[in-house]
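Visitor: Mapping the sequence shown onto my numbering, position 172 (from 1) lands on 549, and the numbers just tick up by one. Beta carbons: idealized from backbone N, C-alpha and C, even for Gly. One structure coming up, written as structure tokens, with questions to follow.
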Amino acid sequence: MNAHHNLLALAAAGVILFSHGNVFASADTEAMQMASATGDASIAADTADTVTSSAAEESAADTAAGAADAVAASAAGEQTADIAGVPNPMVPYDSYTEMATALHFHPLYFPLSSGLELQQRFILGGNVADLRYASRYGQPEKRAQFTVRTAVADPDAMTAETLSGVYGADWQTQTIGDTSVQLAEVSDSSFVAYWTKDGFVFSVGAENVNRWDFLRQVRDNLIDLTEHYY
Numbered sequence: 378m379n380a381h382h383n384l385l386a387l388a389a390a391g392v393i394l395f396s397h398g399n400v401f402a403s404a405d406t407e408a409m410q411m412a413s414a415t416g417d418a419s420i421a422a423d424t425a426d427t428v429t430s431s432a433a434e435e436s437a438a439d440t441a442a443g444a445a446d447a448v449a450a451s452a453a454g455e456q457t458a459d460i461a462g463v464p465n466p467m468v469p470y471d472s473y474t475e476m477a478t479a480l481h482f483h484p485l486y487f488p489l490s491s492g493l494e495l496q497q498r499f500i501l502g503g504n505v506a507d508l509r510y511a512s513r514y515g516q517p518e519k520r521a522q523f524t525v526r527t528a529v530a531d532p533d534a535m536t537a538e539t540l541s542g543v544y545g546a547d548w549q550t551q552t553i554g555d556t557s558v559q560l561a562e563v564s565d566s567s568f569v570a571y572w573t574k575d576g577f578v579f580s581v582g583a584e585n586v587n588r589w590d591f592l593r594q595v596r597d598n599l600i601d602l603t604e605h606y607y
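So this is what it looks like as structure tokens:
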């Protein structure tokens with residue numbers, strides 16, 4: 378999104394510079410015609426030089442200002458991405474099979490019996506599967522939202538925070554089934570869980586849910602799948 382804003386800002390700056398160029402070119406022509414009509418060629422030359430110099434200085438100032446704004450916007454965008462903890466870039470995929478083929482493993486998913494509907498599929502940073510679900514019924518803004526992420530375990534780089542994108546939470550360890558799970562309550566309607574299994578790491582975050590429904594979905598669907606199929 379920041380890249381689009383930067384491009385729009387630069388495009389707008391280009392339009393402004395182009396507009397200025399037309400104004401000064403028109404003024405330059407008019408001055409030369411007036412000088413020629415009075416027979417004073419030197420006035421025409423001096424006027425043309427002055428106007429052209431002024432146009433160049435203003436154009437240079439506008440260009441510098443536009444470049445500075447673009448750099449600042451880009452820096453702000455990068456800082457936002459770092460704070461959010463979301464790997465970049467996010468590459469969308471049209472199907473689960475296409476995404477699994479690109480990753481060379483099968484990402485964890487919610488089965489149809491969960492009552493959740495798969496909305497979007499992404500690969501983050503080239504190595505993290507990101508599947509986004511929503512409950513099937515109710516007003517769109519009030520439906521439960523779940524994000525399931527899967528990656529190959531990397532002890533040096535992958536933690537509960539880096540995989541889930543949730544930083545600064547109070548993570549607590551709880552055993553669900555036969556799996557040790559790290560859980561965090563972000564708010565009274567937002568939760569996240571993280572666990573590992575045989576060389577893979579998993580996280581699931583949810584919004585617009587209560588604690589019981591979140592734990593039920595994690596236990597009955599995701600943990601059950603990882604304990605039997607990973």
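Could you tell me the distance, in whole angstroms, from the CA atom of aspartate 597 to the CA atom of tyrosine 486?
Guide: Position 220 of the sequence shown holds residue 597. Position 109 of the sequence shown holds residue 486. If you take the alpha carbons of aspartate 597 and tyrosine 486, they lie about 12 angstroms apart.
Visitor: So valine 586 and valine 569 are supposed to be a Cβ contact under 8 angstroms. How far apart are they, rounded?
Guide: Translated into the one-based positions of the sequence shown, residue 586 becomes position 209. Translated into the one-based positions of the sequence shown, residue 569 becomes position 192. No, valine 586 and valine 569 are not in contact; Cβ-Cβ is about 11 angstroms, not under 8 angstroms.
Visitor: Among residues of its own chain, excluding the 5 on either side of alanine 612, which ones have a beta-carbon nearer than 8 angstroms to its beta-carbon?
Guide: As displayed, the chain neither begins before 378 nor continues past 607, which places residue 612 out of reach and without an answer.
Visitor: Does the Cβ-Cβ distance between alanine 506 and methionine 535 come in under 8 angstroms?
Guide: Mapped onto the sequence shown, residue 506 falls at position 129. Mapped onto the sequence shown, residue 535 falls at position 158. No. Outside cutoff.
Visitor: Does DSSP classify tyrosine 607 as helix, strand or coil?
Guide: Counting from one through the sequence shown, the residue named residue 607 turns up at place 230. Residue state, collapsed to three classes: coil.
Visitor: Taking the beta carbon of glutamine 551 as the centre, do at least 16 other beta carbons fall within 10 Å, making it buried, or is it exposed?
Guide: Mapped onto the sequence shown, residue 551 falls at position 174. Per the 10 Å Cβ criterion, exposed.
Visitor: Using CA atoms only, rank isn't needed, just tell me which of Gly502, Ser472, Ala528 and Leu495 is closest to threonine 603.
Guide: Numbered from 1 along the sequence shown, position 226 holds the residue referred to as residue 603. Closest option to threonine 603, Cα to Cα, is Ala528.
Visitor: Give me the residue from Phe499, Leu493, Glu494 and Ser491 with the minimum Cα distance to threonine 474.
Guide: Translated into the one-based positions of the sequence shown, residue 474 becomes position 97. Of Phe499, Leu493, Glu494 and Ser491, the residue nearest in Cα terms is Phe499.
Visitor: For the alpha helix (DSSP H) that contains aspartate 590, what are its first and last residues?
Guide: On the sequence shown, residue 590 is found 213 positions in, with the first residue counted as 1. Start and end: 588 to 594.
Visitor: Leaving aside the five residues before and after glutamine 559 along the sequence, list all residues of the same chain whose C-beta is less than 6 angstroms from its C-beta, in chain order.
Guide: For the purposes of this step, residue 559 is identified with residue 182 of the sequence shown, where counting begins at 1. Closer than 6 angstroms at the Cβ level, and outside the excluded window around glutamine 559, lie Ala537, Trp548, Thr550 and Tyr571.
Visitor: Within this structure, are the beta carbons of leucine 508 and valine 525 separated by less than 8 angstroms?
Guide: In the sequence shown, residue 508 corresponds to position 131, counting from 1. In the sequence shown, residue 525 corresponds to position 148, counting from 1. Result yes, Cβ atoms of leucine 508 and valine 525 sit closer than 8 angstroms.
Visitor: For alanine 561 versus alanine 546, is the C-beta distance shorter than 8 angstroms?
Guide: Here residue 561 refers to the residue found at position 184 when the sequence shown is read from its first residue. Here residue 546 refers to the residue found at position 169 when the sequence shown is read from its first residue. Cβ atoms of alanine 561 and alanine 546: closer than 8 angstroms.
Visitor: From Gln516, Pro532, Pro469 and Val595, pick the residue whose C-alpha is nearest to that of glycine 502; which is it?
Guide: Sequence index remark: in the sequence shown, residue 502 carries index 125 (1-based). Of the candidates Gln516, Pro532, Pro469 and Val595, the one whose C-alpha sits nearest the C-alpha of glycine 502 is Pro469.
Visitor: Would you grab the beta carbon distance between serine 512 and leucine 495 for me? Rounded to a whole angstrom, and I think it's under 8 angstroms.
Guide: For the purposes of this step, residue 512 is identified with residue 135 of the sequence shown, where counting begins at 1. For the purposes of this step, residue 495 is identified with residue 118 of the sequence shown, where counting begins at 1. Not really, about 12 angstroms apart at Cβ, beyond 8 angstroms.
Visitor: Since tyrosine 571 is in the beta strand (DSSP E), which residue starts that stretch and which ends it?
Guide: Locating residue 571 in the sequence shown gives position 194, where the first residue counts as 1. Run containing tyrosine 571: 567 to 574, per the beta strand (DSSP E) assignment.
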